[in-house]
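Working notes for the structure below.
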Amino acid sequence: LAKTTQPISMDSYEGQEVNITCSHNNIATNDYITWYQQFPSQGPRFIIQGYKTKVTNEVASLFIPADRKSSTLSLPRVSLSDTAVYYCLVGDMDSSYKLIFGSGTRLLVRP
Amino acid sequence: GAGVSQSPSNKVTEKGKDVELRCDPISGHTALYWYRQSLGQGLEFLIYFQGNSAPDKSGLPSDRFSAERTGGSVSTLTIQRTQQEDSAVYLCASSLAYLSTDTQYFGPGTRLTVL
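Here it is in structure tokens:
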């Protein structure tokens, strides 16, 4: 069964850049990597998606190395409102295309 | 509708009772997913539907859990003989198709409390 691994928690300060890395050793050839953000008492919300190299949108950047066994979500100049749990999502090649969320990283942004 | 809706938003029940949780996906979305999230924990994948079919039910925690989807739209997650460990937020999501490239849109969840 494919597995993703993320740090349980991270602390940062307003204005800093935050990088959260997800390991996904069994990612399938055709799978994309997607990151979601979840605030308390809400469902997760899509942030960014990529297949390889680098993807950037108005919210974040996603860096994926050539072997695709990991990915790094980069949040530039975080603010207090970025305090949330961040999930990494990839396809599960061992289990008939089941999608598995990572354990999530709880990011706390301090003033 | 504009987004995924779930009902009820909160459900308090007594141990041993049956409960039904409802999910209305975004119109036109063929894939629908159920997740469970216990307090302070990550998302636990339960089951997904492609149209009305659920190809893989192995994620359901026990045979007390069942789910169905009718008309390629509304889905119901049923928990029979509820136990206290069933207390959690049950989240539903839908996507255009069942592909890792398709964004999953989540509903607000149903908070289930089993006394």
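Sequences listed follow chains A and B, in order. According to the working numbering, the residues represented by the first sequence are 1188 to 1298, in order. According to the working numbering, the residues represented by the second sequence are -7 to 107, in order. In this text, a Cβ means the ideal position worked out from N, Cα and C, and glycines have one as well.
Can the beta-carbon of B:GLU77 be found less than 7 Å from the beta-carbon of B:THR68?
No, Cβ-Cβ distance for B:GLU77 and B:THR68 is not below 7 Å.
Which residues bound the beta strand (DSSP E) around A:THR1221?
Where A:THR1221 is concerned, the enclosing beta strand (DSSP E) stretches over 1220 to 1225.
What is the DSSP secondary structure of B:GLU12, reduced to helix, strand or coil?
If DSSP states are grouped into helix, strand and coil, B:GLU12 belongs with the strands.
Would you kindly work out how many angstroms separate the C-alpha atoms of B:LEU52 and A:GLN1225, rounded to a whole number?
So the two alpha carbons sit approximately 23 Å from each other.
Count the other CB atoms, across all protein chains shown, that sit within 10 Å of the CB of B:LEU31; report buried if there are 16 or more and exposed otherwise.
Result: exposed.
According to DSSP, is B:GLU6 part of a helix, a strand, or is it coil?
B:GLU6: coil per DSSP, three-state reduction.
For chain D, check one thing: does any of its Cβ atoms lie closer than 7 Å to the Cβ of A:SER1290?
The structure shown contains no chain D; its protein chains are A and B.
Using 10 angstroms around the beta-carbon of A:SER1283, count the other beta-carbons present and answer buried if the total reaches 16, otherwise exposed.
Confidence at A:SER1283 is low in this model, with a pLDDT of 47, below 50, so the placement of that residue is unreliable and no value is reported for it.
If B:TYR40 sits next to B:CYS84, beta carbons under 8 Å apart, how far is it from one beta carbon to the other, in whole angstroms?
Contact flag wrong, Cβ pair sits at about 10 Å.
By the criterion of Cβ-Cβ separation under 8 Å, what are the contact partners of A:GLN1236 in chain B?
Ordered by position in chain B, the residues that pass the 8 Å Cβ test against A:GLN1236 are THR93 and THR95.
Using a Cβ cut-off of 8 Å, pull out every chain B residue sitting near A:PHE1233, in sequence order please.
Neighbours of A:PHE1233 on chain B, chain order: THR95, GLN96 and TYR97.
From B:ARG28 to A:THR1270, what does the alpha carbon distance come to, in whole angstroms?
Taking the straight line joining both Cα atoms gives about 22 Å.
With a threshold of 7 Å on Cβ separation, who are the neighbours of B:LYS49 within its own chain once the five nearest residues in sequence on each side are excluded?
Closer than 7 Å at Cβ, skipping near neighbours: ILE39.
What three-state label does DSSP hand B:LEU107 in the structure shown?
Looking at B:LEU107 - three-state DSSP - the assignment turns out to be coil, as it is neither helix nor strand.
Between which two residues does the beta strand (DSSP E) containing B:ALA85 stretch?
Note, B:ALA85: beta strand (DSSP E), 80 to 87.
Give a yes or no on whether the minimum CB-CB distance between A:GLY1230 and chain B is below 7 Å.
Interface residue, yes.
Between the C-alpha atoms of A:VAL1246 and B:ARG73, what's the straight-line distance to the nearest angstrom?
Their Cα atoms are separated by approximately 44 Å.
What number of angstroms, rounded off, separates the C-alpha of B:GLU12 from the C-alpha of B:PHE57?
Rounded to the nearest angstrom, the two C-alpha atoms are 10 Å apart.
Tell me where the beta strand (DSSP E) around A:ALA1247 begins and ends.
Element bounds for A:ALA1247: n/a, residue is neither H nor E.
Using beta carbons (cut-off 7 Å, strictly below), is B:LEU31 in contact with chain A?
So, not an interface residue.
With 16 other CB atoms within 10 Å as the buried threshold, where does B:PRO17 fall?
Buried, since its Cβ has 16 or more Cβ neighbours within 10 Å.
Measure the C-alpha to C-alpha separation of A:PHE1233 and A:THR1259 and round it to an integer number of angstroms.
Their Cα atoms are separated by approximately 15 Å.
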